[in-house]
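There are 2 protein chains.
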Amino acid sequence: MTEAVTVVMGQIDPVVGDIDGNVHRIIKAAEQAKDQFHADIIVFPEMTLLGYPPEDLLLRNGLYPQIEQALGKLCDELNDIVCVVGYPMMDDLGERFNMAAWIHKGTIKASYIKQNLPNYSVFDEQRYFTEGHQPCVIEYKGIRFGLLICEDIWKISPCTQAKEAGAEVILNLNASPFSEEKHQDRIATLQRRVDEIKRPIIYVNQVGGQDDLVFDGGSFAISSTGEVMVQSPQFEKALTAVKLEKQVDSVEVMQGEQAQIFHGEARIYEALKLGVYDYVSKNGFPGVLLGLSGGIDSALTLAIAVDALGADKVEAVMMPFRYTADISKEDAAKQAETMQVSYHTVPIEPMYEAFEQSLAPLFAGKSEDLTEENLQARIRGTLLMALSNKNGKMVLATSNKSEVSVGYSTLYGDMVGGFSPLKDVPKTLVYRLAKYRNSLSPVIPERVITRPPSAELRPDQVDQDSLPDYDVLDEIIRLFVKQDKTPQQIIELGFDPEEVNKVIRLINVSEYKRRQSAPGIKITQRAYGRDRRYPITSRYSE
Amino acid sequence: MTEAVTVVMGQIDPVVGDIDGNVHRIIKAAEQAKDQFHADIIVFPEMTLLGYPPEDLLLRNGLYPQIEQALGKLCDELNDIVCVVGYPMMDDLGERFNMAAWIHKGTIKASYIKQNLPNYSVFDEQRYFTEGHQPCVIEYKGIRFGLLICEDIWKISPCTQAKEAGAEVILNLNASPFSEEKHQDRIATLQRRVDEIKRPIIYVNQVGGQDDLVFDGGSFAISSTGEVMVQSPQFEKALTAVKLEKQVDSVEVMQGEQAQIFHGEARIYEALKLGVYDYVSKNGFPGVLLGLSGGIDSALTLAIAVDALGADKVEAVMMPFRYTADISKEDAAKQAETMQVSYHTVPIEPMYEAFEQSLAPLFAGKSEDLTEENLQARIRGTLLMALSNKNGKMVLATSNKSEVSVGYSTLYGDMVGGFSPLKDVPKTLVYRLAKYRNSLSPVIPERVITRPPSAELRPDQVDQDSLPDYDVLDEIIRLFVKQDKTPQQIIELGFDPEEVNKVIRLINVSEYKRRQSAPGIKITQRAYGRDRRYPITSRYSE
Numbered sequence: 005m006t007e008a009v010t011v012v013m014g015q016i017d018p019v020v021g022d023i024d025g026n027v028h029r030i031i032k033a034a035e036q037a038k039d040q041f042h043a044d045i046i047v048f049p050e051m052t053l054l055g056y057p058p059e060d061l062l063l064r065n066g067l068y069p070q071i072e073q074a075l076g077k078l079c080d081e082l083n084d085i086v087c088v089v090g091y092p093m094m095d096d097l098g099e100r101f102n103m104a105a106w107i108h109k110g111t112i113k114a115s116y117i118k119q120n121l122p123n124y125s126v127f128d129e130q131r132y133f134t135e136g137h138q139p140c141v142i143e144y145k146g147i148r149f150g151l152l153i154c155e156d157i158w159k160i161s162p163c164t165q166a167k168e169a170g171a172e173v174i175l176n177l178n179a180s181p182f183s184e185e186k187h188q189d190r191i192a193t194l195q196r197r198v199d200e201i202k203r204p205i206i207y208v209n210q211v212g213g214q215d216d217l218v219f220d221g222g223s224f225a226i227s228s229t230g231e232v233m234v235q236s237p238q239f240e241k242a243l244t245a246v247k248l249e250k251q252v253d254s255v256e257v258m259q260g261e262q263a264q265i266f267h268g269e270a271r272i273y274e275a276l277k278l279g280v281y282d283y284v285s286k287n288g289f290p291g292v293l294l295g296l297s298g299g300i301d302s303a304l305t306l307a308i309a310v311d312a313l314g315a316d317k318v319e320a321v322m323m324p325f326r327y328t329a330d331i332s333k334e335d336a337a338k339q340a341e342t343m344q345v346s347y348h349t350v351p352i353e354p355m356y357e358a359f360e361q362s363l364a365p366l367f368a369g370k371s372e373d374l375t376e377e378n379l380q381a382r383i384r385g386t387l388l389m390a391l392s393n394k395n396g397k398m399v400l401a402t403s404n405k406s407e408v409s410v411g412y413s414t415l416y417g418d419m420v421g422g423f424s425p426l427k428d429v430p431k432t433l434v435y436r437l438a439k440y441r442n443s444l445s446p447v448i449p450e451r452v453i454t455r456p457p458s459a460e461l462r463p464d465q466v467d468q469d470s471l472p473d474y475d476v477l478d479e480i481i482r483l484f485v486k487q488d489k490t491p492q493q494i495i496e497l498g499f500d501p502e503e504v505n506k507v508i509r510l511i512n513v514s515e516y517k518r519r520q521s522a523p524g525i526k527i528t529q530r531a532y533g534r535d536r537r538y539p540i541t542s543r544y545s546e
Numbered sequence: 005m006t007e008a009v010t011v012v013m014g015q016i017d018p019v020v021g022d023i024d025g026n027v028h029r030i031i032k033a034a035e036q037a038k039d040q041f042h043a044d045i046i047v048f049p050e051m052t053l054l055g056y057p058p059e060d061l062l063l064r065n066g067l068y069p070q071i072e073q074a075l076g077k078l079c080d081e082l083n084d085i086v087c088v089v090g091y092p093m094m095d096d097l098g099e100r101f102n103m104a105a106w107i108h109k110g111t112i113k114a115s116y117i118k119q120n121l122p123n124y125s126v127f128d129e130q131r132y133f134t135e136g137h138q139p140c141v142i143e144y145k146g147i148r149f150g151l152l153i154c155e156d157i158w159k160i161s162p163c164t165q166a167k168e169a170g171a172e173v174i175l176n177l178n179a180s181p182f183s184e185e186k187h188q189d190r191i192a193t194l195q196r197r198v199d200e201i202k203r204p205i206i207y208v209n210q211v212g213g214q215d216d217l218v219f220d221g222g223s224f225a226i227s228s229t230g231e232v233m234v235q236s237p238q239f240e241k242a243l244t245a246v247k248l249e250k251q252v253d254s255v256e257v258m259q260g261e262q263a264q265i266f267h268g269e270a271r272i273y274e275a276l277k278l279g280v281y282d283y284v285s286k287n288g289f290p291g292v293l294l295g296l297s298g299g300i301d302s303a304l305t306l307a308i309a310v311d312a313l314g315a316d317k318v319e320a321v322m323m324p325f326r327y328t329a330d331i332s333k334e335d336a337a338k339q340a341e342t343m344q345v346s347y348h349t350v351p352i353e354p355m356y357e358a359f360e361q362s363l364a365p366l367f368a369g370k371s372e373d374l375t376e377e378n379l380q381a382r383i384r385g386t387l388l389m390a391l392s393n394k395n396g397k398m399v400l401a402t403s404n405k406s407e408v409s410v411g412y413s414t415l416y417g418d419m420v421g422g423f424s425p426l427k428d429v430p431k432t433l434v435y436r437l438a439k440y441r442n443s444l445s446p447v448i449p450e451r452v453i454t455r456p457p458s459a460e461l462r463p464d465q466v467d468q469d470s471l472p473d474y475d476v477l478d479e480i481i482r483l484f485v486k487q488d489k490t491p492q493q494i495i496e497l498g499f500d501p502e503e504v505n506k507v508i509r510l511i512n513v514s515e516y517k518r519r520q521s522a523p524g525i526k527i528t529q530r531a532y533g534r535d536r537r538y539p540i541t542s543r544y545s546e
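Going down the list, the sequences are from chains A and B. Residue 530 in my numbering sits at position 526 of the first sequence, and the numbers go up by one each step. Residue 319 in my numbering sits at position 315 of the second sequence, and the numbers go up by one each step.
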């Protein structure tokens, strides 16, 4: 038996396009891994040097010399530790590859080309990369390490290939975005892999928000018998040591840190917080502002924003109109006070009247309809944007997934904003998250949770005047959008045919609105955005 | 020598998702081909039954039984003619294929699976399809036909493979979107192919607008020596006969119709007209409305809209403010009168004052800045949307590519609209198109073309206060966006370093606005939208 080898899982947050910054993050983490854990090896996430997903930045030829330079810098600066990093490479023929390098003592001792290029869901890797075909196994301190990148581990072949090439441990570099059940899926998948190859796997994921994606970290090491021996925390940067021990004819992962993994509402709330925090901070906004209506969506959005950014970075605006209930004003003011955020009230009556009078000659003889409701929402949107323009804070949109699905929101009105935290959160989950947040400390007035939801755009309006109950609505949306069920299949599950057809029709005709909506945070297996790409012009029906 | 065989190029406009409608279009075209040309064979575009690009509709399992049924209907109804159509297929393992079928006398006699699946630019076919590997050659009336689909013809292998399998003529089904130089590219590419295989090729393209794409048709047949023997018209539906003659040991295309192909500004103007016409008509809008400012962008947009839809479907609104020049009001009114469109004037002063007063307490002590300019634009956007909500007409946005590039436009203001015809048209081309349109008949007041461009959002403002001259700006944009040149490379071409860096910085920081912009019509080799996918959060620089 030789001495143990220490591998540190470098769960960092590479920023997309920030090559110099990422080099700095890598070096800092490597030094800390050395100091803190006497690490032999530090493994970073997929595409460490560029961040993930870099999208069409990969098509810029100017990128590749910069990456070469960054690799050179890593070779120069990291001497006492093996560093495994991910990056893009372009060969002389102009073909691009998704790579991992084993850097040691000033040179790249070995490199690996990703073999499985995901091109589904939010992934477009076949737009950029040519796949590799070779394993990469390298021996260090008596242990043979096999390198794999992300999707490679989700299918059996690259794993088996690495084993056959002599790998005793697999090092897997990932950029795996969060969705509700993803962490369990990763563990279950890796358990199948170790069952097939009887080798331990060290799974390193990145952490942090990038536009509509949140990477939840949660790196882990799994033994050759399928046990999670070491677990890094979720939703935060972390360096976590994994001790490997050479045994008679194998290598095994020793028991190590076991960070807590989040479940249920807590897990989603943490993802939303991280998504908001990183969108705001990486894009350099001094803070956020939002319209606080007294309803549940803006109440939850405010809570997330304050928890993510701190109360001093958040500003709430109540913009009442003749249909705004007193309890809405009271509850908005109360939450703003509880959460200690800057709070203003701007009644929209004067603007509404000015629009009404200016439009009167053109609207003569026409009755009131959705136009007047949308006008209220657009005046509010314009006010928020004026405040945003003046003080630099970014507007948060407050629409939830149920509304986004059926188009129950006003384009350029309540859809205004740079980021839309609840875009993938169905209304029923909005309620559960509000209750969860209040269980930590009561910040959302109870009445906001218990009163019937209303857009308050006409007298005595409630959402259920024009929509099915939210538990029914959300289930129809889930079956249609996430599971791709046909209307007939949904009806056969016991739903009212009229409601099913109405909801699906609304989903189909609202694509044009979604196309102009702000990015939000993917938390389900199918979010709107690059995860679900539908034509606007379409006559498809089932 | 046998008798000639007549192949008709079925240049139709399949509507995405409209399977029943597309079956009807196919049958009608086949009957007409039979009646008019005594056609033996009619060849339709790629993915005829579903329309192209169907995007994630392809992920719906409910689609495939409908396609089966549609194929059954074609088999039942088409008896006296061979019909070659494109469609998607799913096998028992859930793999999807991009197919072409040779339908004759009630059955599919042969079928072909597309081999080259484009996954670049606007194409995502590897997201959906598994590639084929086999040629498909079928003999009819003594001639052996090889089937290929679109991208297959852009590389040598599937063509050579078809020839080696005995093909004497290639039938190529396409859904090839328009861009400036595309038609010449297609002909040049096919000339290379026939030079390699010495076989004639019949190239059938679809026609019509689909969201941000325009398919220009322009189907053609090329002889084994590389001559375009038959040319279908561009930008319109057409059935065009191609006569094939069996010669001693080969088959040749006879001389046939030679429709005129558009060049220069005319070509782009036709593409824009078709794009607007189809977006409006396929989505069922009763017409369009737009803000007419007295500037060149809205003037050209109005001309395109009227030429595409007819004056009775178009409404123009002048929304003057204290900074609006008298000549702007005069020129807008004059163009509206010349083009005989419904025209209203709604001054925005009352709304502006209402906002100003309501915001005064919050803006106390802060000086005027972009906020007040954006406010004017957003009031106009809100007015247009109110009119649109009330009368059902869709708002056309009027931003050009130069503005979209550098973010010289107001989100939720002048960016408001369901469709943005000039989104991919640089400002210098806007001028050329305006002059071209006036050369047909003078509709845009001359002064609109000759006066210095201004957003008129503050006193005496002209665009060149804050932007380089448009000829410089557009060239920097072209080099950076289309050609992916680095700032250094652009500067080396002789541009001012300060201007280059400023423009590129503006392009990079405006991604968030583009993400919320309406779809426009791709006319260049790289349009914003799915053709150029950039992260919003990015620190990349070159």
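Using N, Cα and C, we set each Cβ at its ideal position, and we do this for glycine too. Model, not experiment: these values are computed from the prediction.
DSSP places Met103 of chain B in the uninterrupted beta strand (DSSP E) bounded by 100-108. Counting along the chain, Arg455 of chain A sits inside no alpha helix (DSSP H), nor does DSSP assign it H or E at all. For Asp60 of chain A, the nearest beta carbon of chain B is closer than 7 Å to its own beta carbon. Listed along chain B, the residues sitting closer than 7 Å to Gln130 of chain A by beta-carbon distance are Asn123, Gln130. Proximity of chain A to Gln361 of chain B at the Cβ level (cut-off 7 Å) is accounted for by Pro354, in chain order.
DSSP, read as helix, strand or coil, puts Arg148 of chain A in strand. Listed in chain order, the positions of the segment 525-546 of chain A with a beta carbon within less than 7 Å of a beta carbon of chain B are Arg536, Arg537, Tyr538, Pro539, Ile540, Thr541, Ser542, Arg543, Tyr544, Glu546. Contact annotation for Tyr283 of chain B against chain A: Thr541 [CB-CB distance below 7 Å, chain order].
Closer than 7 Å to the CB of Tyr416 of chain B there is at least one CB belonging to chain A. DSSP, read as helix, strand or coil, puts His42 of chain B in coil. At least one CB atom of chain A sits nearer than 7 Å to the CB of His348 of chain B.
Taking a C-beta cut-off of 9 Å against chain B, the contacting residues of the segment 383-405 of chain A are Ile383, Gly385, Thr386, Leu387, Met389, Ala390, Leu391, Ser392, Asn393, Lys394, Asn395, listed in chain order. Burial state of Val252 of chain B is exposed, judged by a 10 Å Cβ sphere holding fewer than 16 other Cβ atoms. Of the candidates B:Glu274, B:Gln165, B:Gln264, B:Glu274 places its Cα closest to the Cα of Ala438 of chain B.
As DSSP reads the structure, Pro92 of chain B sits in a beta bridge with B:Asn102.
With the rule of 3 Cβ pairs closer than 8 Å, the segment 70-79 of chain B counts as touching the segment 92-111 of chain B. Of all alpha-carbon atoms in A:Val47, A:Tyr283, A:Asp199, A:Ile527, the one lying nearest the alpha-carbon of Val86 of chain A is that of A:Val47. Cβ-Cβ distances below 6 Å link Val429 of chain B to Asn404, Lys405 in the same chain, with the five nearest sequence neighbours on each side left out; the list follows chain order. Of all residues in the segment 503-527 of chain A, only Tyr516, Arg519, Gln520, Ser521, Ala522, Pro523 place a beta-carbon less than 8 Å from a beta-carbon of chain B.
Beta-bridge pairing by DSSP links Arg536 of chain A to A:Gly533. Interface with chain A (7 Å Cβ-Cβ cutoff): Gln36 of chain B is excluded.
With distances taken between CA atoms, Lys145 of chain A lies nearest to A:Glu172 out of A:Glu172, A:Tyr327, A:Ile160.
Judged by DSSP secondary structure, Lys370 of chain B falls outside any alpha helix (DSSP H); it is assigned neither H nor E.
Counting C-beta pairs closer than 8 Å gives fewer than three between the segment 16-36 of chain B and the segment 531-538 of chain A, which falls short of the contact rule. With contacts defined by Cβ atoms closer than 7 Å, Gln344 of chain A and Ala303 of chain A do not form a contacting pair. By the 16-neighbour rule on beta-carbons within 10 angstroms, Gln138 of chain A is exposed. For Ile205 of chain B, the enclosing beta strand (DSSP E) stretches over residues 205-209. Burial is judged here by how many other beta carbons sit within 10 angstroms of a residue's own beta carbon; Thr229 of chain A has fewer than 16 and is exposed. Identification of residues in the segment 420-443 of chain A having a C-beta nearer than 7 Å to some C-beta of chain B yields Val420, Gly422, given in sequence order. Contacts between Asp488 of chain B and chain A, judged by CB atoms closer than 7 Å, involve Leu63, Arg64, Asn65 in chain order.
The Cβ atoms of Ile308 of chain B and Leu278 of chain B lie no closer than 7 Å to each other.
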